[in-house]
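In the order they appear, the protein sequences are chains A and B.
As numbered in numbering that gives the first Met the number 0, residues 0 to 165 make up the first sequence, in order.
As numbered in numbering that gives the first Met the number 0, residues 0 to 165 make up the second sequence, in order.
No residue lacks a Cβ here, since even glycine has one placed at the ideal position from N, Cα and C.
The structure displayed is predicted, hence computed values, not measured ones.
Number of protein chains: 2
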Amino acid sequence: MTSTPPAPGAPTADALTVEVVELLGTVVARYHEEYEEAAGQHSLTGAQARVLALLSREPLPMRRIAQQLKCEPSNVTGIVDRLEGRGLVERRPSPEDRRVKLAAVTEQGRQTSARLRESLDFAREPLAGLTTTERTLLRYLLQRMLGLDAAPPAEHPEYAEHAEHP
Amino acid sequence: MTSTPPAPGAPTADALTVEVVELLGTVVARYHEEYEEAAGQHSLTGAQARVLALLSREPLPMRRIAQQLKCEPSNVTGIVDRLEGRGLVERRPSPEDRRVKLAAVTEQGRQTSARLRESLDFAREPLAGLTTTERTLLRYLLQRMLGLDAAPPAEHPEYAEHAEHP
DNA sequence: TATTGTTATACTCTATAACTATA
DNA sequence: TATAGTTATAGAGTATAACAATA
């Protein structure tokens, strides 16, 4: 029951941190499973679903897609090929630079993307059990984890007592 | 500035929930990037690193590995083959059932696994900015998300004011 | 007959390198 | 010459189906 004192200078993580990291690992795993499953229900691979979601926001040059996917540009060719082969995406020339091709969702692609977005509502299932207060708190903690320097829900946590009505 | 009223009966997620889901997505993405990168530093793929981590706890029948990875057993053959080819893992016969083969880490595999575990310390980097109180809170919220029905840090959030000394 | 692990096959994603057409 | 996209190639993960050894 020793309190695992943080060894000075050592990179050792304390027990609490290790626990949180493991929980994050579990959340990450579940998130991915559900994402792949939702994509599969629309006969899409994970990568295809991600590109479709990206393009449903705005048309993008192939190069930009690669940057978003953090993969080599050559790989995007095949992924977009397959989406295009199914009529979900199309390639357009860029008006500004004749070297670039813009990938854009078709109307069918837009619909598929919308249905996909619904079916991958990690929202309800995992978050349903949390109150508004807890979700607000979780948002804050995740923002801080990501270095987004967010404003705390309130100066004092008592806020939680009265925050049920957003 | 309308408050996005939850449509009755509709599965629509409110704005706060959507925000939390997107943050989770970002955390998931970063977690994966770091995991793959850490694995790559040891010339391992993500799947290989996961199997190695699994086996560093205890030897496992091939079938069990597949269950943990949520993939078909036939795929495990190749992954273990590659780990075995590098001397990180070995196959042993099961004393109980001559059909099953137990995959187990070698001494070298154990060491690689340990070094891998250190280098993928998502712990410090993302969590370093959080206080003990915040980490405790985050642990609680993640546990609730996962349906682990955890005990709250305290009945009243004021606890946070005095929780700095675990 | 059922189960374990494997092999064979096909598809997708991935990185690398070379090619083309533009700039 | 530099850049955008593509092609070619090879390695890895994945699912499916068929197989041998064992239960």
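Check                                                                                                                                                               : Outcome
So the alpha helix (DSSP H) Arg85/B belongs to, where does it begin and stop?                                                                                       : Segment: none, Arg85/B is in no alpha helix (DSSP H) and carries neither H nor E.
Looking at Thr135/B and Leu15/A, is the spacing between their C-beta atoms short of 8 Å?                                                                            : yes
Answer yes or no: do Pro94/B and Lys100/B have a C-beta to C-beta separation smaller than 8 Å?                                                                      : no
Measuring only the C-alpha atoms, how far is Glu57/A from Pro151/A?                                                                                                 : 32 Å
Cβ atoms of Met144/B and Val20/A: under 8 Å apart, would you say?                                                                                                   : no
What number of angstroms, rounded off, separates the C-alpha of Leu119/A from the C-alpha of Leu22/B?                                                               : 15 Å
Output needed for Leu53/B: all residues of its chain with C-beta closer than 7 Å, excluding positions within five of it in sequence on either side, in chain order. : Leu59, Ile64 and Gln67
Run through chain A and tell me which residues come within less than 9 Å of Gln107/B, C-beta to C-beta.                                                             : The contacting residues do not exist; Gln107/B stays about 23 Å from chain A at best.
Three-state secondary structure (DSSP) at Leu140/B?                                                                                                                 : helix
Report the neighbours of Glu170/A on chain B: residues whose CB is nearer than 8 Å to its CB, in chain order.                                                       : One cannot answer for residue 170/A here, as it falls past the ends of chain A, which runs 0 to 165.
What residues from chain B crowd round Glu36/A, counting only those whose CB sits closer than 9 Å?                                                                  : Result: empty, since nearest Cβ-Cβ is about 10 Å, beyond 9 Å.
If you drop the 5 nearest sequence neighbours on each side, which residues of the same chain put their C-beta closer than 8 Å to that of Pro125/A?                  : Val26 and Arg29
So is His41/A in contact with chain B if we call contact Cβ pairs under 8 Å?                                                                                        : no
For chain B, check one thing: does any of its Cβ atoms lie closer than 8 Å to the Cβ of Thr25/A?                                                                    : yes
Taking Asp13/B as the reference, give the member of Glu117/A, Asp148/A, Leu141/A and Gly146/A with the closest Cα.                                                  : Glu117/A
Is the separation between the beta-carbon of Ala46/B and that of Leu115/B shorter than 8 Å?                                                                         : no
Buried or exposed: Ser73/A, going by 16 or more other Cβ atoms within 10 Å of its Cβ?                                                                               : exposed
Near Glu18/A, which residues of its chain fall below 6 Å by C-beta distance, leaving aside the five closest residues on each side in sequence?                      : none
In its own chain, which residues sit with a C-beta less than 7 Å from the C-beta of Glu89/A, not counting the 5 before and 5 after it?                              : Glu83, Ala103 and Thr105
If you draw a straight line from the alpha carbon of Leu140/B to that of Lys69/B, how long is it in whole angstroms?                                                : 26 Å
Taking Cβ positions, are Leu87/B and Gly108/B nearer each other than 8 Å?                                                                                           : yes
Tell whether a beta-carbon distance below 8 Å holds between Ala153/A and Gln142/A.                                                                                  : no
Can you confirm whether Arg134/A, when its beta carbon is compared against all beta carbons of chain B, has any partner nearer than 8 Å?                            : yes
In chain B, what lies closer than 8 Å to Arg143/A by C-beta?                                                                                                        : Gly128, Leu129 and Glu133
If we require 3 or more residues per run, which beta strand (DSSP E) segments fall completely within the region 55-93 of chain A?                                   : 88-92
Could you list which residues in chain A have their beta carbon closer than 8 Å to that of Glu32/B, in chain order?                                                 : Lys69
What's the C-alpha gap between Leu147/A and Glu33/A?                                                                                                                : 26 Å
State the start and end residues of the unbroken beta strand (DSSP E) segment that holds Val104/A.                                                                  : Lys100 to Val104
Rounded to the nearest angstrom, how far is the Cβ of Ser55/B from that of Ser112/B, given a contact under 8 Å?                                                     : 4 Å
For Arg98/B, count the other beta carbons within 10 Å of its own beta carbon; 16 or more makes it buried, fewer makes it exposed. Which is it?                      : exposed
Using beta carbons (cut-off 8 Å, strictly below), is Gly45/A in contact with chain B?                                                                               : no
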